[in-house]
Amino acid sequence: RIDIDGAPVLVASSSLCVDDDRTACEGLVRIRYADHGDLRAETMTGFRDWLVDQVPAFSAAARRTPDAGGLNVEGLAWDPRRGALLFGVRGPVDRGIVTALRVPVDIGTGEWSLSALGTPTIQRIFTPKRDAHQGIRDISYDDRRDDFLILLGRSVSADDDPFQLCRWDGAGETAALLDITFGNTMKPEGVTAYTHRGQRRLLVVDDRGGYAVTRYPKRAQ
Numbered sequence: 015r016i017d018i019d020g021a022p023v024l025v026a027s028s029s030l031c032v033d034d035d036r037t038a039c040e041g042l043v044r045i046r047y048a049d050h051g052d053l054r055a056e057t058m059t060g061f062r063d064w065l066v067d068q069v070p071a072f073s074a075a076a077r078r079t080p081d082a083g084g085l086n087v088e089g090l091a092w093d094p095r096r097g098a099l100l101f102g103v104r105g106p107v108d109r110g111i112v113t114a115l116r117v118p119v120d121i122g123t124g125e126w127s128l129s130a131l132g133t134p135t136i137q138r139i140f141t142p143k144r145d146a147h148q149g150i151r152d153i154s155y156d157d158r159r160d161d162f163l164i165l166l167g168r169s170v171s172a173d174d175d176p177f178q179l180c181r182w183d184g185a186g187e188t189a190a191l192l193d194i195t196f197g198n199t200m201k202p203e204g205v206t207a208y209t210h211r212g213q214r215r216l217l218v219v220d221d222r223g224g225y226a227v228t229r230y231p232k233r234a235q
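And the structure:
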């Protein structure tokens, strides 16, 4: 969510194709409220191909399926300091390192097209568990702390690397582990921070349809 002149704008990513319909997997959608309250969605045509062309390091992975080490983006957040979208890469990954792609975007531009995009940059981040093939399962901006929550988990389905939650300052090369443990049956896929009755809390949603609420955890020792 990005607020422009007091009006909320939502940006969502989608990569699932139905019956080979390319418009369903272009990857970047802008959603705005119409005057009568309905939501109006606009797809950015050609976004996925543009991104792969701009980031040659992912050209080979873009031709593979996610569980075969293919390109798999699962996190999306707004970086207000840089006016850019942050894409969290679940795969491909290197051991102990995750990747975020920062793409400057003119969110309020009249035409939602490739001309609204700036040059992408790659941000490599060392994870707390240096021997794991973890990818980013979600990334969320925390406006109270002016940093990001990064949810880590297995890069491909067959692996058993753990789910972990970290804080990242948005610029450095390392992410700090937070003191939170996920149950063995949980598959956390999304996280956000919010305030309830003066206390900072986390909402974690699960791939199986559940969710959990907890106090904002301390940094792990």
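Here the sequence shown is numbered in the numbering used here, starting from 15 and rising by one per residue.
All C-beta atoms, glycine included, are put in the ideal place defined by N, C-alpha and C.
Problem - Simplified DSSP assignment, three categories, for residue 221 - result: Start at 1 with the first residue of the sequence shown, and residue 221 comes out as number 207. Reduced to three states, the DSSP call for residue 221 is coil.
Practice task
Tell me whether residue 231 sits in a helix, a strand or coil according to DSSP, three-state version.
Solution key: As a position in the sequence shown, residue 231 is number 217, starting the count at 1. Of the three classes helix, strand and coil, the one that applies to residue 231 here is coil, per DSSP.
Handout entry: Neighbourhood of residue 228 by C-beta, 8 Å cutoff - its chain only, sequence neighbours within 5 removed
Key = The residue labelled residue 228 in the question sits at position 214 within the sequence shown. Taken in chain order, the residues that qualify are 194, 215, 216, 218.
Handout entry: Identity of the residues DSSP links to residue 202 by a beta bridge
Key = Position 188 of the sequence shown, counting from 1, holds the residue named residue 202. In DSSP, residue 202 forms a bridge with 220.
Problem - Assigned secondary structure, residue 42 (DSSP; H/G/I helix, E/B strand, else coil) - result: Within the sequence shown, residue 42 is the residue found at index 28, counting from 1. Coil, per DSSP.
Exercise for the section: Give the DSSP bridge partners of residue 99, in chain order. Expected result: For the purposes of this step, residue 99 is taken as the residue at position 85 of the sequence shown. Residue 99 is bridged to 92, 117.
Handout entry: Straight-line gap, residue 90 to residue 202 (C-alpha atoms, nearest Å)
Key = On the sequence shown, residue 90 is found 76 positions in, with the first residue counted as 1. On the sequence shown, residue 202 is found 188 positions in, with the first residue counted as 1. Looking at the two C-alpha atoms, the distance is approximately 15 Å.
Handout entry: Contacting residues, own chain, Cβ-Cβ under 7 Å from residue 234 (five flanking each side not counted)
Key = Residue mapping note: residue 234 aligns to position 220 of the sequence shown, counting from 1. So the list reads 191, 192, 193, once near-sequence residues are dropped.
Handout entry: At least 3 beta-carbon pairs within less than 8 Å: the segment 72–90 vs the segment 44–58
Key = no
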